[in-house]
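K.L.:
Once you've had a glance at the structure underneath, I'll fire off some questions.
4 protein chains.
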Amino acid sequence: MPEHLRLLRDRVREFVRREVIPAEPVLLAGGDTGRLALGRLRERARSEGLWGLAHPAEIGGRGLPLTDYVPLGEAEGESEFGPAVLGSEHLLDALMLHRHARPAVRDRYLPGLLEGRVTPCYGMSEPGRAGSDPSLMTTRARPACDGWTIRGSKWFMRAARADFITVMCRTEPLGVPNSQAFTMFVVPVGTPGYRQVRELPVLGVEDGHREVRFEDVRVPEDHMIGGRGAGFAVAGERLDLGRTLRAVQWLGQARRAFGLMCRRLHGRTAFQEPLAAKQLLQQHVFDAYTDIQAARCQVLRAAAAVRAGRGAYVEAATAKVLASRALCRVLDRAVQIHGAEGLTDDTPLSRMYLRARATRIYDGPDELHVHTVAKRLLKRYAGDPEAEADVF
Amino acid sequence: MPEHLRLLRDRVREFVRREVIPAEPVLLAGGDTGRLALGRLRERARSEGLWGLAHPAEIGGRGLPLTDYVPLGEAEGESEFGPAVLGSEHLLDALMLHRHARPAVRDRYLPGLLEGRVTPCYGMSEPGRAGSDPSLMTTRARPACDGWTIRGSKWFMRAARADFITVMCRTEPLGVPNSQAFTMFVVPVGTPGYRQVRELPVLGVEDGHREVRFEDVRVPEDHMIGGRGAGFAVAGERLDLGRTLRAVQWLGQARRAFGLMCRRLHGRTAFQEPLAAKQLLQQHVFDAYTDIQAARCQVLRAAAAVRAGRGAYVEAATAKVLASRALCRVLDRAVQIHGAEGLTDDTPLSRMYLRARATRIYDGPDELHVHTVAKRLLKRYAGDPEAEADVF
Amino acid sequence: MPEHLRLLRDRVREFVRREVIPAEPVLLAGGDTGRLALGRLRERARSEGLWGLAHPAEIGGRGLPLTDYVPLGEAEGESEFGPAVLGSEHLLDALMLHRHARPAVRDRYLPGLLEGRVTPCYGMSEPGRAGSDPSLMTTRARPACDGWTIRGSKWFMRAARADFITVMCRTEPLGVPNSQAFTMFVVPVGTPGYRQVRELPVLGVEDGHREVRFEDVRVPEDHMIGGRGAGFAVAGERLDLGRTLRAVQWLGQARRAFGLMCRRLHGRTAFQEPLAAKQLLQQHVFDAYTDIQAARCQVLRAAAAVRAGRGAYVEAATAKVLASRALCRVLDRAVQIHGAEGLTDDTPLSRMYLRARATRIYDGPDELHVHTVAKRLLKRYAGDPEAEADVF
Amino acid sequence: MPEHLRLLRDRVREFVRREVIPAEPVLLAGGDTGRLALGRLRERARSEGLWGLAHPAEIGGRGLPLTDYVPLGEAEGESEFGPAVLGSEHLLDALMLHRHARPAVRDRYLPGLLEGRVTPCYGMSEPGRAGSDPSLMTTRARPACDGWTIRGSKWFMRAARADFITVMCRTEPLGVPNSQAFTMFVVPVGTPGYRQVRELPVLGVEDGHREVRFEDVRVPEDHMIGGRGAGFAVAGERLDLGRTLRAVQWLGQARRAFGLMCRRLHGRTAFQEPLAAKQLLQQHVFDAYTDIQAARCQVLRAAAAVRAGRGAYVEAATAKVLASRALCRVLDRAVQIHGAEGLTDDTPLSRMYLRARATRIYDGPDELHVHTVAKRLLKRYAGDPEAEADVF
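Chains as they are written, first to last, in the UniProt record's numbering: chain A, 1 to 392; chain B, 1 to 392; chain C, 1 to 392; chain D, 1 to 392.
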């Protein structure tokens, strides 16, 4: 790692540990106090030059290459609030608006989004259908005199405090290939017909997820994102970068858990020796270490592939699977080492553990990626039997 | 399985599915409504002859051998409320009072306990110390003019609605061997100096666990359980049976999850075929099936060993580890197969999943049992090198 | 286990340890000395009443139910030569001849087979095709004036010392359902056109496996086994019993390795303590113990299902997979605990290890059984959603 | 990877595939033909500028940094004979002679070693003792009038064709710390009293390993390597580099197996579809891919740490464990995918599989490294609880 990057990484790390982690209880409590605290932290991040580190120069960010961002994002990710405080939380939506929104929508939302004043939300999954197969979505948008009328349900949208919603709708009849059958629209919160149906706590954690209804919601033509039928293409663009960014942040969570685990092993004694002296617990340390290293290496490969601008599905999906597994396993071991206390709210581990489980499902369950990555890898060996596939 | 047992098993299963599972939301909501519903269900169980199936004849139960109880307990365990409704929840405390309490205490609590009117609670673990090594407990009881004075803290006691508490205290000075240094006392709720300090939700699930304080709590001499210094001996008696009973109930939870998983695989489609046709999901079915079968077999071995009255640590601890692992793994797969919905409260899986995690910690973490069981097994091979150890 | 069975088990175990295991080097060396030694051991087994314990009464055996045979077969299996010495090695062929051979063939081979004088061999797999899908077999038998003419190749037949070969041939045209397209024939060794092409050492172990050719081999009509087109039906009959019997013997191998592992842990010291004191090695003991117990339980279930005469595929295939995995894992741990010495011929482990690997492939690779067992289990949940599938 | 390195990597890869792999049968057969073939291949490698790529400039090599060598070494490692043909096989011995031998010994052996004419051999392990704890070695060297007299046994030395042996001996009395109690000596083959006791095939593979005896073998003073009592220090120097180099070559083996596996999946059909279409086999591909990537990443970290000249135990031992596991797992899957054929000599997999198993034992068994690496990692968390350990 070059020196300037290491310094920046240290500053992010120090900021997260000094400012964000101590504020976690307030941020978690939410409400007005929580929102004010979040605002103040963002202000401070901005004044220290740490806001929007992952943002490309094209939208006013620092223009750091994605590979350089990896260590910074890990440091951000040590707190679940790091990305919100430092601005990387909504980078995907910002890029999407920047690239694919019509001027009216872009000008209305992008500046606020980039400053942290506007909250976006993005919806694909629908109740009652396997989210792994997006072609099953039934939310439809039909042309109306002055735009489109949307009808359907979505869930697992972080809609609780959103200002606008980007929603994927079928606009073309069955029979049209999936890649041309869906279109994205922006729905401003407050538009008649849109409502939150219910909260969706995830393993008991209220994290802003909602089930929402669109009951003949009307949006003007210029609220379309990308072209008609280009929904999957626009979504696909989000995915490789999105998977990589989230994997980066999970590494931060895993490292925090690793530190907690190691310190605990020194701090507790059983049967006349510190826990740190017991081989079965040392094994947890070794396994956690190698899980994190392996995931980290793959995340760096994904960042390089995304940065190179070529199709990065294999790298990004593999990184997602490995980082997600590493996170879940490391947290499981950290909880185990903390014993019953690890299950309570006395340490940050219980909440981290609960949030981690969902990562193996969001953005495609592990099983889907195992299947699809392997198919892609195998394809490289399908041709001339003598040709060497350049897989590694 | 003999016919009469199969019939009894079917009746328990049918009762749990007809009466208990549909009442789970009410029972979970708790409060007066929940308590009333629980009382009514117990009444119904009693009137159908299904109350107290695991209770030995010596305390007025059916006297079924423990091995016969295994399939019944599995059926009970399909609902987390099964043991409470059918009376097996507090069997350990009933046996302890029956065998080791002085008459005054026994007569005050045992009848109500056996009828489900009295709620006990049992405390070993203390905040800030490794629960796996009970010799680290610092709660002390000192002789006082008319009995004993107790001072210290306990946690992970299900004290929320308890009528009395059994608490393990050091009564002898350091240096006395652990097996003679601790004594158990019954503390009636309401005794001055006893108080609940705080709730201890476990992975966010409020399950009645509390941290409690004993601030110079005075109990009369006849509130001692067993003899002075016999605390570990009495506790040890609970453990083999306790581990076996809980493992039985976990099997019930695992089977319920297995059924949910299989039905879901038939009920969802992705990429033009039912999920049931996908090999990576079939693998979850196979693995869940073999995990449950292996655990079940070991639970039966533990029940036989406990029933035989010989030291059953190896069998019961192994059963506990295998059943706990099976439960956690099966639930993990069931959640995965349900996708994001499996993380919500829309299915019973999320709550089952959260409660399952603690089983790998309670009653000794896996790592402790792996170590201790292996040591015991190895001892059988330590003598005459030609002698065949009868391990299997 | 009832007393008479335990006594018999002890006698088998004692015989194998006293007579067979010490003779292993001679038996392994083979040649005339090996064959003579084998004959003498068989004689002794017969004189001690331990020959043919698994043989049903219908072919002159003891008629022990299969479930009773399990502990005896484990004891046999401790030596790879146990089944050959005690007569259970060729039980499947004996049953097949008994039930499906024409009198001429039966009378020629069955008596010698039952006495251990005649060596059979059975061939399905063919070079160059996935053995998991038997419909791919291309060896054909065509009607000839006085019987059938067979042409094709087989491999992984233990043909080295066989007196006759049972060979599966396509007799019906493509398009006929698999279940009616294949027929089995007995080919006496020495029939013109039959020859061994080459040895097939398995991981370097010369175990009698051969690739063989049938070049217009002519057999009379009465050398057909079962009916024309009934090849798969007859083969299927062998499979459940065959998988169960082999799994029983693998358990014996695994137990022997377990004993070697435990004794070694007491016998070696590193860093001032016996290996037995190290938690990471204790973990190997625990895992080996639970692997064996789980497999054993499933083998007993398979034996019960086969004995009950109903379709036992699920039970027998699961038993095969679990016993095979247990065997491989236990041997892997035993080798690891023996260090480099475990890789040499100084202990029986290296040979056991090498032979174990093939068990995950023979009789259907694990992946096939995982897929097929899960499909069968899932089918039980496919109907009335309220009906409880009786899977466990 | 910079362009010049990629080109060099491609040349090595191409050479190994064009020259070495086709010669494997001849090289394996050994004897004079094998030795001649090996000599010719070395000549060709030298003439193509591919000899001694890993050799530092100080001993006349190309001076490539170790990190640059990693991809080249992988390409070498695709054939087990690659390192012998390309000169990296005996790099450790060359460095040891260069740095620690007296001039007489160095001048006698080093030039031939660097040219591939002289074969060294190195011995630590002794029969009957845990090799993981070198302090248990009992081979002793005692001062004699004109040098030293060595007595003891060693095994797992590749002594079959060695010209000289480097042997670790206790020279100081018990009680002296291990780090000062052992000394290394060079013993020329042919010295009276030295003899090979027996071959030690490893899982049946004759790989040149021998048990040897030193019966009062006399060596002059200048045959000492390093200083008196410095045996462990000199050995330690070999270890980090040695583990890294071998791990690099294992990656090459794993990649070759991966390619074989993928091609086979395209080349076989079962149940009307190519094996490549089956999810359970795709999973093998995914798992093999991620195992190799994770190991490779760690090997690069180890190479960087060794190159940096600081203590690289954690990185090199972790790399050794991960590369060894990856190799074993990938080969296990490749064999499984090849079915019974994978167990025969028809593919290179069976021999690769057999050789792979030993890697989990040589140079310290996995269990030892898990324990020691974790202890080292934990130490970094032992101090100031607020200090951030820089582990990742």
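In this text, a Cβ means the ideal position worked out from N, Cα and C, and glycines have one as well.
Any chance you could list the alpha helix (DSSP H) runs of at least 4 consecutive residues sitting entirely within the UniProt domain "Acyl-CoA oxidase/dehydrogenase middle" (121 to 217) of chain A, in chain order?
P.N.:
178 to 181
K.L.:
Please name the residue, chosen from B:Asp240, B:Val285, B:Lys379 and B:Leu245, that lies closest to Pro274 of chain C on a Cα-to-Cα basis.
P.N.:
B:Lys379
K.L.:
Give me the Cα-Cα distance between Gly152 of chain A and Ala277 of chain B, rounded to the nearest whole angstrom.
P.N.:
Cα-Cα distance, rounded: 29 Å.
K.L.:
Shorter than 9 Å from the beta carbon of residue 395 of chain A to some beta carbon of chain D?
P.N.:
Shown here, chain A extends from 1 to 392; a query on residue 395 of chain A therefore has no answer.
K.L.:
Per DSSP, which residues does Ala270 of chain A bridge with? Please list them.
P.N.:
A:Glu273
K.L.:
Mind listing the chain D neighbours of Leu292 of chain A? Cutoff is C-beta to C-beta under 7 Å, in chain order.
P.N.:
According to the sequence displayed, residue 292 of chain A carries Ile and not Leu. What Ile292 of chain A touches in chain D: Phe392.
K.L.:
Report yes if the C-beta distance between Ala302 of chain B and Leu327 of chain B is below 9 Å; otherwise report no.
P.N.:
No, they are not a contact pair.
K.L.:
If you measure between the beta carbons of Arg210 of chain B and Val197 of chain B, is that distance less than 9 Å?
P.N.:
yes
K.L.:
Between which two residues does the alpha helix (DSSP H) holding Gly77 of chain A run?
P.N.:
The continuous alpha helix (DSSP H) containing Gly77 of chain A extends over residues Leu66 to Gly77.
K.L.:
Give the interface partners of Gly131 of chain B over in chain A, defined as CB-CB distance under 7 Å, in chain order.
P.N.:
Taking a Cβ-Cβ threshold of 7 Å, the residues of chain A close to Gly131 of chain B are Gly339 and Ala340, in chain order.
K.L.:
Ignore the nearest five residues each way along the sequence and tell me which others in Arg106 of chain A's own chain have a CB closer than 6 Å to its CB.
P.N.:
Excluding positions up to five away in sequence, the list reads Leu97.
K.L.:
Under the three-state reduction of DSSP, which class applies to Ile21 of chain C: helix, strand or coil?
P.N.:
Secondary structure at Ile21 of chain C: helix, using DSSP grouped into helix, strand and coil.
K.L.:
Can you give the Cα-Cα distance for Leu322 of chain D and Ala295 of chain C, rounded to whole angstroms?
P.N.:
29 Å
K.L.:
With DSSP as the reference, label Pro2 of chain B as helix, strand or coil.
P.N.:
Pro2 of chain B falls in the coil class under three-state DSSP.
K.L.:
So with CB distances below 7 Å, who are the chain D contacts of His371 of chain C?
P.N.:
Leu280
K.L.:
Pairing CB atoms from the region 72 to 89 of chain B with CB atoms from the region 46 to 55 of chain B, are three or more of them under 8 Å?
P.N.:
Note that the region 72 to 89 of chain B touches the region 46 to 55 of chain B; at least 3 beta-carbon pairs, one per stretch, sit closer than 8 Å.
K.L.:
Which bits of chain D does Gln249 of chain B rub up against, with CB to CB less than 8 Å?
P.N.:
Neighbours of Gln249 of chain B on chain D: none; closest Cβ ~33 Å, over 8 Å.
K.L.:
Kindly list the residues whose CB is nearer than 8 Å to the CB of Arg195 of chain B, restricted to its own chain and excluding five residues on each side of it in sequence; keep chain order.
P.N.:
Val212, Arg213 and Glu215
K.L.:
Leaving out the 5 sequence neighbours to the left and right, which residues in its chain are closer than 7 Å to Asp222 of chain D when beta-carbon positions are compared?
P.N.:
Hits under 7 Å: Arg102, Ala104 and Val105.
K.L.:
On the three-state DSSP scale, how would you describe Pro111 of chain C?
P.N.:
Pro111 of chain C: helix per DSSP, three-state reduction.
K.L.:
When the Cα of Pro201 of chain B is compared with those of A:Asp345, A:Gly31 and A:Ala374, which residue comes out closest?
P.N.:
A:Asp345
K.L.:
Could you work out which residue in A:Leu38, A:Asp68, A:Leu114 and A:Ala29 is closest to His4 of chain A when comparing CA atoms only?
P.N.:
A:Asp68
K.L.:
Within the 9 Å Cβ cut-off, does Gly204 of chain A reach chain B?
P.N.:
yes
K.L.:
Pop quiz: Ala84 of chain A and Leu38 of chain A are said to be a contact at Cβ under 8 Å. What is the actual Cβ separation, rounded to whole angstroms?
P.N.:
Contact holds; Cβ gap of about 6 Å.
K.L.:
When you compare the region 149 to 164 of chain A with the region 120 to 128 of chain A, are there three or more beta-carbon pairs, one atom per stretch, that lie closer than 8 Å?
P.N.:
yes
K.L.:
Considering only C-alpha positions, which residue in the set A:Asp32, A:Pro111 and A:Ala317 is nearest to Gly236 of chain A?
P.N.:
A:Ala317
K.L.:
Does the beta carbon of Arg360 of chain C come closer than 9 Å to any beta carbon on chain D?
P.N.:
Yes, contact with chain D.
K.L.:
Return the CA-CA distance between residue 411 of chain D and Arg325 of chain D, expressed in angstroms with no decimal places.
P.N.:
For chain D, the structure presents residues 1 to 392; residue 411 of chain D sits outside this window and is missing.
K.L.:
Nearest by alpha-carbon distance to Gly77 of chain D: which of D:Ala159, D:Gly112 and D:Glu24 is it?
P.N.:
D:Glu24
K.L.:
How many angstroms separate the CA atom of Asp390 of chain B from the CA atom of Glu14 of chain C?
P.N.:
14 Å
K.L.:
Since Val219 of chain B sits in a beta bridge, which residues does DSSP pair it with?
P.N.:
B:Trp148
K.L.:
So is Leu377 of chain A buried or exposed if we call it buried at 16+ other beta carbons inside 10 Å?
P.N.:
The residue is buried, with at least 16 neighbouring Cβ atoms inside 10 Å.
K.L.:
Figure out for me which residue from A:Met137, A:Ala45, A:Ser135 and A:Asp133 has the closest Cα to the Cα of Glu19 of chain A.
P.N.:
A:Ala45
K.L.:
Just verifying my parser: in three-state terms, what is the DSSP assignment at Ile225 of chain D?
P.N.:
strand
K.L.:
On the premise that Met184 of chain A lies in contact with Val205 of chain A, defined as a C-beta separation below 8 Å, what is that separation, rounded to the nearest angstrom?
P.N.:
That belief does not hold up - the Cβ atoms of Val205 of chain A and Met184 of chain A are roughly 28 Å apart, past 8 Å.
K.L.:
Where Val330 of chain A and Val370 of chain A are concerned, what is the direct C-alpha to C-alpha distance, given to the nearest angstrom?
P.N.:
21 Å
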